[in-house]
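Structure first, then comments.
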């Protein structure tokens, strides 16, 4: 929930603080999201800090999570993400749900989502498989903050985030009709990442 409060809420605040300056809005949104990720992964890391169905499925495929846990976790991630968006909307005196009209479609954006998701899973599981999980909050935060800028899609890399961002017609929103292709590309990216991780890090640390 707090991830989407951070993503959507900071996007709304950035748009209000810096009207007409998209570059500054993106910087503010990226910085806030990166900081929130560091905090929530640090807080919830010992419980479950996936926050992302792509990470959960990747963990299962790589043998780090039991198959019986995948569906409940993904459902919880979806509910939490959507709840976070609703909460962010309400905090800024907007309708609880307002379907986004922000178009995010095109082959370049789909490719960007593959790249963003591959990179995210490589970051997470390279650390997991080499017993360096204490670095996860900072490295994930840094990667996601950077991905806002080096990917054309601003690096969603998360099916739950993608679904939740359809619920806010604000800076960080995505048109619901564009979300399925983003999610498909994230799944493709996760599959590629799992293959690369098995090749590069065949055993856990």
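In this note's numbering, the protein residues as written are 370 to 574.
No residue lacks a Cβ here, since even glycine has one placed at the ideal position from N, Cα and C.
Residue from the options with nearest C-alpha to residue i
i	options	result
residue 553	570, 438, 474	474
residue 499	514, 566, 443	566
residue 406	550, 489, 495	489
residue 395	521, 559, 494	521
residue 527	546, 506, 424	424
residue 548	525, 570, 559	525
residue 370	502, 534, 558	534
residue 380	571, 546, 539, 556	539
residue 440	453, 419, 459, 454	419
residue 401	453, 389, 374, 388	374
residue 497	427, 388, 542, 546	427
residue 569	462, 385, 492	492
residue 452	416, 529, 514, 388	529
residue 559	422, 416, 466, 537	422
residue 571	432, 390, 408, 388	432
residue 531	471, 512, 476	471
residue 546	468, 444, 436, 437	468
residue 465	483, 377, 430, 372	377
residue 513	385, 404, 383, 391	404
residue 523	390, 542, 438	542
residue 537	457, 429, 477, 487	457
residue 561	372, 544, 494	494
Terminal residues of the alpha helix (DSSP H) in which residue i lies
i	result
residue 563	548-569
residue 459	436-460
residue 496	476-497
residue 378	371-386
residue 468	From DSSP, residue 468 is part of no alpha helix (DSSP H); its letter is neither H nor E.
residue 423	422-430
Entirely enclosed alpha helix (DSSP H) segments - the stretch 508-549, minimum 4 residues: 528-533
Cβ contact (3+ pairs, closer than 8 Å) linking the stretch 409-420 and the stretch 499-510: yes
Minimum length 4: unbroken alpha helix (DSSP H) runs contained in the stretch 391-418: 391-413
Three CB pairs or more closer than 8 Å across the stretch 444-461 and the stretch 512-521: The stretch 444-461, when compared against the stretch 512-521, does not touch it at the 8 Å Cβ threshold.
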